[in-house]
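Asker: Can you read through this structure? Questions will come right after.
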Amino acid sequence: MTVLSADKVVTPAGVLEPGWVAVEDGRIARVEQGRPDHADLHGRIMVPGFVDIHCHGGGGASFDSADPEECARAAAFHRARGTTTLVASLVTAAPADLERRASVLSELAGDGVLAGIHYEGPFLSTARKGAHDASLLRDPDPTTVDRLLKVPHVRMMTIAPELHGGMDALRQVRDAGALPAVGHTDATYEVVREAARAGARVATHLFNGMRPLHHREPGPILALLEAPDVVLELIGDGVHLHPAVVAHIARTAGSGRTTLVTDAIAAAGMSDGEYELGGLGVEVNDGVARLTGDGSIAGSTAAAASVFRRAVHDSGIPLTEAVRLAATTPAMLLGLTDRGAIAPGLRADVLMLDDDLGVQRVVAV
1447 MTVLSADKVV TPAGVLEPGW VAVEDGRIAR VEQGRPDHAD LHGRIMVPGF VDIHCHGGGG
1507 ASFDSADPEE CARAAAFHRA RGTTTLVASL VTAAPADLER RASVLSELAG DGVLAGIHYE
1567 GPFLSTARKG AHDASLLRDP DPTTVDRLLK VPHVRMMTIA PELHGGMDAL RQVRDAGALP
1627 AVGHTDATYE VVREAARAGA RVATHLFNGM RPLHHREPGP ILALLEAPDV VLELIGDGVH
1687 LHPAVVAHIA RTAGSGRTTL VTDAIAAAGM SDGEYELGGL GVEVNDGVAR LTGDGSIAGS
1747 TAAAASVFRR AVHDSGIPLT EAVRLAATTP AMLLGLTDRG AIAPGLRADV LMLDDDLGVQ
1807 RVVAV
């Protein structure tokens, strides 16, 4: 048995100050308040490992590479920074290329390196394409959707519901057991309301890549906020969203419907310079990634730990709620009932943080 202790242990029931956790065979056996007789490891703040459902790469490595070693490096980069459960996102490409890249990621998911695959394209609106190659965007057709979904370990697919076949594609994704997501959309409020009824479960980076909120045409944002079964992704890197927006959504939608994501690209953790995302040139200046051509924000350079820290320090979200946003809610969304919190019976995916919420140690199965 291994005993982990901390000055603060964040649990679903609240913060234990101090507290300790007993681990046996990779599982949490006990969670107790107070100080143990002995501890194999002590830290300042103990939280569950972060769960990131939207990530394109990091540490100079990209999940779009179709190179198993490079993809594994990207996962290892984020794991070392606190993401113990990671879904790999693929940007728009030709269906054959997406299938090939997803097959590589599927092998890593089968080995437990990744928690699954997210197709962020190609079924997106050209009007809200963001950092996706407009020439490769297309309407969803049943054959192509089915072809992509047949790759094992697909967890999610983002679709703009206003596209021809969009609603049927959302239902097709739902029926295949994956998460239908709405994003990169120029749809009206009414169309997105229909998408929610068709089974949409995720708002791909809410606000970003969407028709903006307007008092005469609320658009997708309000429709997604109102949909009780839709979990809202927020890129909390301090660039994509103002900290007050993150705080407002977490407060009004609730931590059970909101999840922090990184949307990190290969440039995460790297120096400023020139990079690539889905075949498009990206320039990173002062840690902000933008397309070389039109200046659109092209993902983030953040890791989950920095997004978590910003949620607490910049947005003023309580520590217990921030843990739900960064770990508990995304784990529940993925159907991973064995992680996402510090509680008996769950996997011992645990992080030791310092007083500034920086990751000191990753303790994970």
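Take 1447 as the starting number for the sequence shown in the numbering used here and just add one per residue.
Here a beta-carbon is modelled for each residue, glycine too, at the ideal position from N, C-alpha and C.
1. Bridge partners of isoleucine 1743, per DSSP?
2. Any idea what DSSP makes of serine 1761, helix, strand or coil?
3. Given a cut-off of 8 angstroms on the beta-carbon distance, is the pair proline 1494 and arginine 1785 in contact?
4. For arginine 1476, is the classification buried or exposed, using 16 other Cβ atoms within 10 angstroms of its Cβ as the cut-off for buried?
5. Would a C-beta distance cut-off of 8 angstroms place alanine 1710 and tyrosine 1721 closer than the cut-off?
6. Locate the alpha helix (DSSP H) running through glycine 1612, then write down its first and last residues.
7. Could I get the ranges of all uninterrupted beta strand (DSSP E) runs contained in the segment 1585 to 1658, with 3 residues as the minimum, in chain order?
8. Return the bridge partner residues of phenylalanine 1496 from the DSSP annotation.
9. Rounded to whole angstroms, what's the CA-CA distance from leucine 1671 to alanine 1548? Just pull it up for me.
10. Under 8 angstroms, with one C-beta from each stretch per pair, do the segment 1478 to 1494 and the segment 1502 to 1518 reach the 3-pair mark?
11. Check the C-beta distance from tyrosine 1635 over to glutamate 1663 and give it rounded, since I have them as a contact under 8 angstroms.
12. Helix, strand or coil for methionine 1778? Go by DSSP, reduced to three states.
13. From which residue to which residue does the beta strand (DSSP E) around isoleucine 1681 run?
14. What number of angstroms, rounded off, separates the C-alpha of serine 1571 from the C-alpha of alanine 1539?
15. Is arginine 1473 helix, strand or coil by DSSP?
16. Quick check on threonine 1457: does DSSP put it in helix, strand or coil?
17. Under 8 angstroms, do glycine 1645 and arginine 1617 count as touching if we go by C-beta distance?
18. List the whole-angstrom C-beta distance separating glycine 1812 from arginine 1574, where the pair is believed to meet the contact cut-off of C-beta under 8 angstroms.
19. Please tell me whether glutamate 1679 has its Cβ less than 8 angstroms away from any Cβ of chain C.
20. In whole angstroms, what separates the C-alpha of valine 1676 from that of histidine 1630?
21. Buried or exposed: where does glycine 1741 fall if 16 or more other Cβ atoms within 10 Å of its Cβ makes it buried?
22. Determine the burial state of histidine 1688: buried for a count of at least 16 other Cβ atoms within 10 Å of its Cβ, exposed for fewer.
23. Do you know offhand how far glycine 1567's Cα is from leucine 1544's?
24. Could you name the residues that DSSP lists as bridge partners for leucine 1440?
25. Please classify histidine 1759 as buried or exposed, where buried requires at least 16 other C-beta atoms within 10 Å of its C-beta.
26. Residue ranges of each alpha helix (DSSP H) run of no fewer than 4 residues wholly in the segment 1696 to 1729, ordered along the chain?
Answerer: In this structure, then:
1. Arg1736
2. coil
3. yes
4. exposed
5. no
6. 1612 to 1621
7. 1600 to 1605, 1625 to 1628
8. Thr1529
9. 30 angstroms
10. no
11. 7 angstroms
12. helix
13. 1677 to 1681
14. 14 angstroms
15. strand
16. strand
17. yes
18. Beyond the ends of the chain as shown, which are 1447 and 1811, falls residue 1812; an answer cannot be given.
19. Protein chain content of the structure displayed is limited to a single chain, and chain C is not contained in it.
20. 16 angstroms
21. exposed
22. exposed
23. 9 angstroms
24. Residue coverage of the chain in this structure runs from 1447 to 1811, which leaves residue 1440 outside it and unanswerable.
25. exposed
26. none
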